[in-house]
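A.B. asks: My questions all concern the structure below.
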Amino acid sequence: MTTQYPRGTGFKCDFVDQTPMPADVPHVDELGVTSAPLKSAAFFLGSFCKDYNEDFMLCKSESRDPAHCLKEGRKVTRCAIDLINKMRENCGSEWDAHWECLDKRNQELYHCRQPERKLNECMFDKLGIKKVIPGTPEGRTPIHEKQSPIYKSIQK
Amino acid sequence: MPVPWEALIPFGLLTAMFGAAGTLMNVSQRAQNDGKAPRYKLDSWEESMMERDRRLTGSKRGQSTNPLAPKEFSLNSVWQTENL
Numbered sequence: 001m002t003t004q005y006p007r008g009t010g011f012k013c014d015f016v017d018q019t020p021m022p023a024d025v026p027h028v029d030e031l032g033v034t035s036a037p038l039k040s041a042a043f044f045l046g047s048f049c050k051d052y053n054e055d056f057m058l059c060k061s062e063s064r065d066p067a068h069c070l071k072e073g074r075k076v077t078r079c080a081i082d083l084i085n086k087m088r089e090n091c092g093s094e095w096d097a098h099w100e101c102l103d104k105r106n107q108e109l110y111h112c113r114q115p116e117r118k119l120n121e122c123m124f125d126k127l128g129i130k131k132v133i134p135g136t137p138e139g140r141t142p143i144h145e146k147q148s149p150i151y152k153s154i155q156k
Numbered sequence: 001m002p003v004p005w006e007a008l009i010p011f012g013l014l015t016a017m018f019g020a021a022g023t024l025m026n027v028s029q030r031a032q033n034d035g036k037a038p039r040y041k042l043d044s045w046e047e048s049m050m051e052r053d054r055r056l057t058g059s060k061r062g063q064s065t066n067p068l069a070p071k072e073f074s075l076n077s078v079w080q081t082e083n084l
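Line by line, the protein sequences give chains D and P.
Quick note: the first sequence uses UniProt numbering, first residue 1, plus one each step.
Quick note: the second sequence uses UniProt numbering, first residue 1, plus one each step.
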């Protein structure tokens, strides 16, 4: 994460580090999905890759050294790539509709509930993954299933 | 009976001026954002994600659903540094 530098503290230059990864680290291709499709797939990634994600987070809580959690990180990446491939071949058009809607609307989820509903149905039918918001209080409908929400798009 | 159409000229001018300024603003903002409306209320997380999008696609508003990142992605991360 980049930080905000206070002004007048020296000449800033952008440094691009060209050293490749060391050869003893197994190579895993990074996830190439950008922010809007990733946000759209976020809850499905959370439930499909739950075990690997939790392993990674627990590992990170032990030490923030990047070298400490490389193995768990590779597992997370592989699981995410697996789910993205499955989403592309099974629910490709619904996913595209949802993330394109998000991209037009500042990537805020409450603007795009109709495409989201279709995507959730497709994901549940084809892949058996349901969108669940963890921490929803008992007895309250989750916001993505509420039929007439108060906070919604004003226009369009 | 003559209609005082000259009295409506200021309203026409206001509409035209506001319309022209607004349209120019909209067109200029969309041109800077790959034809999309500009993003607002961006926090550090969103800025970091947009920087990642720039590294993946070449533009801060570019999107893609490729499961695998291009080869350049592993070597093009930018560190903000200072000369001491």
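C-beta atoms are modelled at their ideal positions from N, C-alpha and C, and glycine is treated no differently.
Residues of chain P with a CB under 9 Å from the CB of Lys104(D): which are they?
C.D. replies: Counted from its first residue, the first sequence places residue 104(D) at position 104. Per Cβ cutoff of 9 Å: Lys36 and Ala37.
A.B. asks: What are the residues of the stretch 73-98 of chain D that lie near chain P, defined by any Cβ-Cβ distance shorter than 7 Å?
C.D. replies: Listed in sequence order: Ile81, Ile84, Asn85 and Arg88.
A.B. asks: Among the candidates Gln18(D), Gly139(D) and Pro142(D), whose CA atom is the shortest distance from the CA of Val78(P)?
C.D. replies: The residue labelled residue 78(P) in the question sits at position 78 within the second sequence. The residue with the shortest Cα to Cα distance from Val78(P) is Gln18(D).
A.B. asks: In chain order, what residues of the same chain have a beta carbon less than 7 Å from the beta carbon of Lys126(D), not counting five sequence neighbours either side?
C.D. replies: Position 126 of the first sequence, counted from the start, is the residue given in the question as residue 126(D). Excluding residues within five positions, the ones whose Cβ falls inside 7 Å are Asn90 and Cys91.
A.B. asks: Buried or exposed: which applies to Trp99(D), given that a residue is buried once 16 or more other Cβ atoms fall within 10 Å of its Cβ?
C.D. replies: In the first sequence, the residue the question calls residue 99(D) occupies position 99. Classification of Trp99(D): buried, given that the 10 Å Cβ count is 16 or more.
A.B. asks: Beta carbons nearer than 8 Å to chain P: which residues of the stretch 10-27 of chain D have them?
C.D. replies: Hits within the stretch, in order: Gly10, Phe11, Lys12, Cys13, Asp14, Phe15, Val16, Asp17, Gln18, Pro20 and Met21.
A.B. asks: Go ahead and pull the three-state DSSP assignment for Lys152(D).
C.D. replies: Locating residue 152(D) in the first sequence gives position 152, where the first residue counts as 1. Of the three classes helix, strand and coil, the one that applies to Lys152(D) here is coil, per DSSP.
A.B. asks: Of all Cβ atoms in chain D, is any one closer than 8 Å to the Cβ of Asn76(P)?
C.D. replies: Locating residue 76(P) in the second sequence gives position 76, counting from the first residue. Closer than 8 Å to some Cβ of chain D, the Cβ of Asn76(P) qualifies, so yes.
A.B. asks: Can you tell me whether DSSP reads Gln32(P) as helix, strand or coil?
C.D. replies: Taking the second sequence and counting its residues from 1, one reaches residue 32(P) at position 32. Residue state, collapsed to three classes: helix.
A.B. asks: Please list the partners that Met25(P) has in chain D, where partner means a Cβ-to-Cβ separation under 7 Å.
C.D. replies: By 1-based counting over the second sequence, the position of residue 25(P) is 25. Going along chain D, no residue has its Cβ under 7 Å from Met25(P), so there is no contact; the nearest lies around 17 Å.
A.B. asks: Buried or exposed: which applies to Cys13(D), given that a residue is buried once 16 or more other Cβ atoms fall within 10 Å of its Cβ?
C.D. replies: In the first sequence, residue 13(D) corresponds to position 13, counting from 1. Classification of Cys13(D): exposed, given that the 10 Å Cβ count is below 16.
A.B. asks: Could you name the residues of chain D that Gln32(P) contacts, counting a contact when the two beta carbons are closer than 7 Å?
C.D. replies: By one-based count along the second sequence, residue 32(P) stands at place 32. The contacting residues do not exist; Gln32(P) stays about 15 Å from chain D at best.
A.B. asks: From Pro142(D) to Trp95(D), what does the alpha carbon distance come to, in whole angstroms?
C.D. replies: Position 142 of the first sequence, counted from the start, is the residue given in the question as residue 142(D). Position 95 of the first sequence, counted from the start, is the residue given in the question as residue 95(D). So the two alpha carbons sit approximately 21 Å from each other.
A.B. asks: Please check if any C-beta of chain D sits within less than 8 Å of the C-beta of Gln63(P).
C.D. replies: Counting from 1 along the second sequence, the entry for residue 63(P) is found at position 63. Yes, Gln63(P) lies at the interface with chain D (some Cβ there is under 8 Å from its Cβ).
A.B. asks: Which residues bound the beta strand (DSSP E) around Cys13(D)?
C.D. replies: Here residue 13(D) corresponds to residue number 13 of the first sequence, with the count starting at 1. It spans Lys12 to Val16 - the beta strand (DSSP E) in which Cys13(D) sits, taken as one unbroken run.
A.B. asks: Can you tell me which of Glu138(D), Val132(D), Gly128(D) and Ser61(D) puts its alpha carbon nearest to the alpha carbon of Leu83(D)?
C.D. replies: Walking along the first sequence from the start, residue 83(D) turns up at place 83. Among Glu138(D), Val132(D), Gly128(D) and Ser61(D), the Cα nearest to that of Leu83(D) belongs to Gly128(D).
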